[in-house]
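First to last, the protein sequences are chains Y and U. Using my numbering, read the first sequence as starting at 2 and increasing by one per residue. Using my numbering, read the second sequence as starting at 2 and increasing by one per residue.
There are 2 protein chains.
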Amino acid sequence: MASIQGRRPPVMADVAREAGVSHQTVSRVLNEHPNVRGETRTRVLEAIDKLGYRRNLVARALVTRHSRTLGVVSFDTTLYGPASTVYGIEQAARAAGYFVSIVSLKSIDRSGVRDALDYLADQGVDGIVVVAPQRSAAQALADLPLDIPAVAVEGGEAGDVPVVCVDQVEGGRLATEHLLSLGHETVWHVSGPSDWLEAEGRVAGWRAALEAAGRETPEPLAGDWSPRSGYEAGRRLAAMRDVSAVFVANDQMALGVLRAFTEQGVRVPGQVSVVGFDDIPESEFFSPPLTTVRQDFGAVGRHSIGMLLRQIEGGGEHERLVVPPAFVRRASTAPR
Amino acid sequence: MASIQGRRPPVMADVAREAGVSHQTVSRVLNEHPNVRGETRTRVLEAIDKLGYRRNLVARALVTRHSRTLGVVSFDTTLYGPASTVYGIEQAARAAGYFVSIVSLKSIDRSGVRDALDYLADQGVDGIVVVAPQRSAAQALADLPLDIPAVAVEGGEAGDVPVVCVDQVEGGRLATEHLLSLGHETVWHVSGPSDWLEAEGRVAGWRAALEAAGRETPEPLAGDWSPRSGYEAGRRLAAMRDVSAVFVANDQMALGVLRAFTEQGVRVPGQVSVVGFDDIPESEFFSPPLTTVRQDFGAVGRHSIGMLLRQIEGGGEHERLVVPPAFVRRASTAPR
DNA sequence: GGGAAGACTGTGAACGTTAACAACCAGTCT
DNA sequence: AGACTGGTTGTTAACGTTCACAGTCTTCCC
């Protein structure tokens, strides 16, 4: 009978007493050590069950120096991309038996990233995933002599840190080539913020496709990912002549562009074809349904955790994993 | 001079030796205990700085029995609402000096919630926020005799657990009354999944408004929050006569409805007025820009953490905090 | 039957911090 | 002067686990 002294939760010693063994044997049962007699094991398990014992992971972490917790540093987890990536990371980490501690940054400057990393290091995380879509974040990561295993997502060149990313250049190329193949003379571009690596990659892919086809490259219009910035770019494009195809760097801005075109009486895809990027769940139901480039955020999350765990457990080669994007044809594009 | 023996990070005893005091004095300095002589304090701080000492939070948690970590259980953090709520929670928690450990559920049945809570309890979190938008999740929470402070977000009646939620009934009423005030005879409704408390509250508000005005209540069309389900509901509505006003339970479904109407040649707001719910960033740029009801997810997150901390630190009264929704008039509604 | 290998179990000491208590010092009160 | 206060510091013992090592008990072989 377990003495009912206070409400203190049972510890290993209590289980040991109950089962008539030493605390170390209990520990062995818990850690599935092979050398425990079957009968002893069941006796211990019964005692555990009877007392409702739960192992104290904090004490365990103190002695093993492993918390089985991974840290995630991200930026604006309200956006679809980061949210989906973090979701994928969390699922993969939990499947591998790790907890996930998250830090969402507001501004993503060098010191912000540094603080977040310090904060997580203090907590004793075993590894860190940094969703570092901005150049500055990636740089901060590269500068930091981190003594904890880390992986960057969308990190460009992140120093010695392994990187998982979607092939943005390829995505930009796919979008642009599609428009060219429809017979458009050239393709305009509404870009993301210039310090975002993803934005830069998409611009590069767009430019490469145009140059490969020997077309002139118009000046890109800069947006900030928001629908409003897309709307403003759309108004400017609507006022121009000779615009027949636009590649917009994400679906939200594309929505703004579509809105502006609608207001100005520019028909899509009748007069102008539009391609977006991301394939958010809404895109299929825009007016018209948006042709876009899909990113598999779930895969990115899973791969980043896979890489991180490999680094924690074994040796860490400097890997770089690129996830291919997928082109999704819908109704916002048509032949010239 | 700190002896360079191995790469072991310095511990309190190292700092103590360096500063010529006992480790307990170092602890006192770190915890801002008042009774430490100024000169001693600076000596300790200098030693800390020199050695690059960082306190081991795991060891601290072991003895204090407080991890300064809060757990968050959520469902599909890819959706705008949950993502924004979790973001608000994380910001508020970190501002209060707490870490946030997150668990995203795929399916949200009783056992899933139970497992998540166990999982977090094992980790030794000081408190838990459950984003429990579904009836089943709220019930699971009510059933669980939790010995850890907890708060439910959107939890309806969650047993003894305090709740923070947006006034969904009021939101539904606002949307419906707006449409009635424009002269529409009655208002149709595309609802969310029936086991979601939010969906239920919006239905209740819609029904209450209609009944208060003495109008007949059409059969609601059931959706699942996705744009596609809204699209399907929209096609059915477009085929009906006498539909002049629709209240859709979220903005994503409203987008689907708009799409279906566009396809079927139903003009919005010319022939039919549409109101959504949530005010996602995209809504303003739908065609037409969507009249909707805004939920302040950030406030919900902040309040939930506030309540949780109050419960952790002091006594926990069974509170229930209701955040009011805000009506946002745009171009998708017009007088009959 | 003696010894060795191997399975199983127990004992003590970490891990790095905070809590509890005791000790010392100076100043103040009686 | 002696007792008492209160600020300041040090000593020892937790917290609950795992690790290293030392046992004990089989079993098997020569």
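Ideal Cβ placement from N, Cα and C applies to all residues, glycine included.
Apart from sequence neighbours up to five positions away, the residues of its chain that approach threonine 177 (chain U) with a beta-carbon distance below 6 Å are Val188, Trp207, Ala210 and Phe248, ordered along the chain.
Residue state for leucine 211 (chain Y) is assigned as helix, using DSSP reduced to three classes. The beta carbon of threonine 70 (chain Y) sits closer than 6 Å to those of Phe100, Ser102 and Val126, all from its chain and outside the five residues before and after it, given in chain order. Any Cβ of chain U closer than 8 Å to the Cβ of tyrosine 232 (chain Y) would place that residue at the interface, and such an atom is present. At a beta-carbon threshold of 8 Å, the residues of chain Y lying near threonine 79 (chain U) are Tyr81, Ala84, Ser85 and Tyr88, ordered along the chain. In the displayed model, glutamine 92 (chain U) falls within a helix according to three-state DSSP. Note that the C-beta distance between leucine 106 (chain Y) and serine 68 (chain Y) is not below 8 Å. Within the DSSP bridge table, the entry for histidine 190 (chain Y) names Y:Phe248 as partners. Flagged as an interface residue toward chain Y: alanine 62 (chain U), by a C-beta distance shorter than 8 Å. Sequence-distant partners of threonine 78 (chain Y) (beyond 5 residues in either direction) whose C-beta falls short of 6 Å from its own C-beta, in its chain, are Ala84, Val87 and Ser105. Annotation: Cβ neighbours of phenylalanine 100 (chain U) in chain Y (cutoff 7 Å, chain order): Ser102 and Gln124.
The beta carbon of alanine 122 (chain Y) is closer than 7 Å to those of Ile149 in its chain, skipping five residues each way along the sequence.
Beta-bridge pairing by DSSP links isoleucine 306 (chain U) to no other residue.
Between the segment 152-167 of chain U and the segment 298-310 of chain U, the count of Cβ pairs shorter than 8 Å is three or higher; the stretches touch. Using beta-carbon distances, glutamate 91 (chain U) counts as an interface residue toward chain Y, with a partner under 8 Å. At a cut-off of 4 residues, the continuous stretches assigned as alpha helix (DSSP H) that sit fully inside the segment 8-68 of chain U are 13-20, 24-31, 39-52 and 58-65.
Taking a C-beta distance under 8 Å as the contact criterion, alanine 255 (chain U) and valine 275 (chain U) qualify as a contact pair. For phenylalanine 328 (chain U), same chain residues with a beta-carbon under 7 Å away, outside a window of 5 residues either side, are Leu175, His179 and Val294 in chain order. Contact annotation: the segment 130-142 of chain Y touches the segment 183-201 of chain Y, with at least three C-beta pairs closer than 8 Å.
Under the criterion of beta carbons closer than 8 Å, glycine 128 (chain Y) and glycine 299 (chain Y) do not qualify as touching, at roughly 20 Å.
Judged by DSSP secondary structure, leucine 322 (chain Y) falls within the beta strand (DSSP E) whose first and last residues are 321-324. At a cut-off of 8 Å, the C-beta of arginine 55 (chain U) has a neighbouring C-beta in chain Y. At least one beta carbon of chain Y lies nearer than 8 Å to the beta carbon of valine 59 (chain U).
Put simply, the CB of proline 163 (chain Y) is far from chain U, with every gap to its CB atoms at 8 Å or more. With a cutoff of 8 Å on beta-carbon distance, glycine 82 (chain U) and aspartate 279 (chain U) are scored as near each other. Going by C-alpha positions, serine 245 (chain Y) is about 20 Å away from serine 284 (chain Y). When Cβ-Cβ separations below 8 Å define contact, leucine 256 (chain U) makes contact with chain Y.
In the structure shown, the three-state DSSP call for phenylalanine 287 (chain U) is coil.
Using a Cβ distance threshold of 8 Å, valine 258 (chain Y) and valine 191 (chain Y) count as a contacting pair. Between glutamine 169 (chain Y) and glutamate 199 (chain Y), the beta carbon gap of about 5 Å places them in contact (Cβ cut-off 8 Å). Contact annotation for proline 228 (chain Y) against chain U: Pro282, Glu283, Glu285 and Phe286 [CB-CB distance below 8 Å, chain order].
For glutamine 135 (chain U), none of the residues of chain Y pass the 8 Å Cβ criterion, the least Cβ distance being about 18 Å.
At a cut-off of 8 Å between beta carbons, threonine 293 (chain U) makes no contact with chain Y. In this structure, DSSP gives glycine 72 (chain U) an extended state, which the three-state scheme calls strand.
Residue pairing from DSSP places tryptophan 197 (chain Y) in a beta bridge opposite Y:Gln135. Scanning its chain for C-beta atoms nearer than 7 Å, with the 5 sequence neighbours on each side dropped, one finds around glutamate 320 (chain Y) the residues Pro163 and Met308, in chain order.
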